[in-house]
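Chemist: Quick one: the structure is below, questions incoming.
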Amino acid sequence: MAQGMSFRTAITLIVCGYALLAAVLVFGAGHDLWRPVSHYTPQVSWLFPNTTAVRTAALSADGAFGTAGMYALLAAVSLGLIAALAAGGFAWGVLFKSETELGLDKAVSYATILALLYAVGKTTEVLMHALAANMPSGGIQAMPGLWFATLIPSAAILSRLAALVAHDLGVFVVLAVEGEPAALSAFAARSEERRGADSLEAKLARRMTRLRKTA
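Here it is as structure tokens:
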């Protein structure tokens, strides 16, 4: 790990700063955020491609042009933050050749959970669209304040997770490309100590070491 602030600390400060700034701007400058929007078709998640268009269209039709613009901007910034921190995490892992942060086992578990949640969300979205004609257009799901209240923390959590997973991927990529047998053996030993001898990370590190020695 490089001298100074750790990667995990830096990422945590960035996402906390984003969440705090976004919340202050939205809930400080927003108007009528808890008034349900008329003629709104419920959406599953802000991450799905059509959600931003549906929500901004509903806000604009209701005359809330400022809120519509603010939502579109925040959704774009949030997606950009996730992508930027993932790219930064990968670069950090490659450049500094540091230890893994999450560990391969947790990274795979988180990736699997997110994939399952996405699959469930897409299935729910299809069902909701099929039943859209019979669903109420108002209610709590039509409150812009709720959209922002779920978007901001979820973007912060996903950004941090993406950065940590990408960081660990970068560590393994540079080990696979540049790692000498001695360095790989040392990494395998540290993985066994930190994650356990039966962990996926330790097993992969040992296998990489054997392959490099026989290459």
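When you read off a place in the sequence shown, starting at 1, and then add 4, the result is the number in the working numbering.
Glycine residues also receive a C-beta, built at the ideal position from the N, C-alpha and C atoms.
Compute the Euclidean distance between the alpha carbons of Arg59 and Tyr75, then round it to the nearest angstrom.
Modeler: Position 55 of the sequence shown holds residue 59. Position 71 of the sequence shown holds residue 75. Using only the alpha carbons, I get a separation of about 8 Å.
Chemist: Residues in the same chain with beta-carbon distance under 7 Å from Glu205, minus the five sequence neighbours each way, listed in chain order, please.
Modeler: Position 201 of the sequence shown holds residue 205. Excluding positions up to five away in sequence, the list reads Thr104, Gly107, Leu108, Asp109, Ser195, Arg199.
Chemist: Is it true that the CB of Ser82 sits closer than 7 Å to the CB of Ala159?
Modeler: Residue 159 sits at position 155 when you count from the first residue of the sequence shown. Residue 82 sits at position 78 when you count from the first residue of the sequence shown. Yes, the pair counts as a contact, with Cβ atoms nearer than the cut-off.
Chemist: Is the segment 168-175 in contact with the segment 148-159, if contact means three or more CB pairs nearer than 8 Å?
Modeler: Counting Cβ pairs under 8 Å, fewer than three are found: no touch.
Chemist: Kindly list the residues whose CB is nearer than 7 Å to the CB of Gly143, restricted to its own chain and excluding five residues on each side of it in sequence; keep chain order.
Modeler: Taking the sequence shown and counting its residues from 1, one reaches residue 143 at position 139. Only Pro40 meet the Cβ criterion.
Chemist: How many angstroms separate the CA atom of Ala186 from the CA atom of Ala193?
Modeler: Counting from one through the sequence shown, the residue named residue 186 turns up at place 182. Counting from one through the sequence shown, the residue named residue 193 turns up at place 189. Taking the straight line joining both Cα atoms gives about 11 Å.
Chemist: Using the Cβ count rule (16 or more neighbours within 10 Å means buried), how would you classify Gly67?
Modeler: Position 63 of the sequence shown, counted from the first residue, corresponds to residue 67. It is exposed - the Cβ of Gly67 has fewer than 16 other Cβ atoms within 10 Å.
Chemist: Once you ignore the five residues that flank Val130 on each side, which residues in its own chain have a CB closer than 6 Å to its CB?
Modeler: Translated into positions along the sequence shown, residue 130 becomes position 126. So the list is empty, once near-sequence residues are dropped.
Chemist: With burial defined as no fewer than 16 other Cβ atoms inside 10 Å of the residue's Cβ, what is the status of Thr213: buried or exposed?
Modeler: As a position in the sequence shown, residue 213 is number 209, starting the count at 1. Thr213 comes out buried.
Chemist: Taking the straight line between their C-alpha atoms, what separation do you get for Ile15 and Ala87?
Modeler: What you label residue 15 is simply residue 11 of the sequence shown in a count that begins at 1. What you label residue 87 is simply residue 83 of the sequence shown in a count that begins at 1. So the two alpha carbons sit approximately 13 Å from each other.
Chemist: Throw me the rounded Cβ distance for the Thr55 and Leu63 pair, which I believe falls under 8 Å.
Modeler: As a position in the sequence shown, residue 55 is number 51, starting the count at 1. As a position in the sequence shown, residue 63 is number 59, starting the count at 1. Wrong, their Cβ atoms sit about 12 Å apart, outside the cutoff.
Chemist: Applying the 10 Å Cβ sphere with the 16-neighbour rule, what's the burial state of Arg211?
Modeler: Residue mapping note: residue 211 aligns to position 207 of the sequence shown, counting from 1. Arg211 comes out exposed.
Chemist: Please look up how many angstroms separate the CB atoms of Ala90 and Ala180, rounded, as I've assumed it's under 8 Å.
Modeler: Reading the sequence shown from its first residue, position 86 is the one you call residue 90. Reading the sequence shown from its first residue, position 176 is the one you call residue 180. 19 Å between Cβ atoms; not a contact.
Chemist: Cutting at 8 Å between CB atoms, please list the residues of its own chain near Tyr114, excluding the five before and the five after it.
Modeler: Sequence index remark: in the sequence shown, residue 114 carries index 110 (1-based). Counting only Cβ-Cβ distances below 8 Å, and skipping sequence neighbours, we find Leu106, Leu165, Val169.
Chemist: Expressed to the nearest angstrom, what Euclidean distance is found between the alpha-carbon atoms of Phe191 and Thr127?
Modeler: Numbered from 1 along the sequence shown, position 187 holds the residue referred to as residue 191. Numbered from 1 along the sequence shown, position 123 holds the residue referred to as residue 127. Going by the C-alpha atoms only, they are around 41 Å apart.
Chemist: So, with DSSP's three-state summary, where would you put Leu51?
Modeler: Within the sequence shown, the letter at position 47 stands for residue 51. Coil, per DSSP.
Chemist: Assuming contact is defined by CB atoms lying nearer than 7 Å, are Trp96 and His171 in contact in what I supplied?
Modeler: On the sequence shown, position 92 is the one that residue 96 refers to. On the sequence shown, position 167 is the one that residue 171 refers to. Going by C-beta atoms, Trp96 is nearer than 7 Å to His171.
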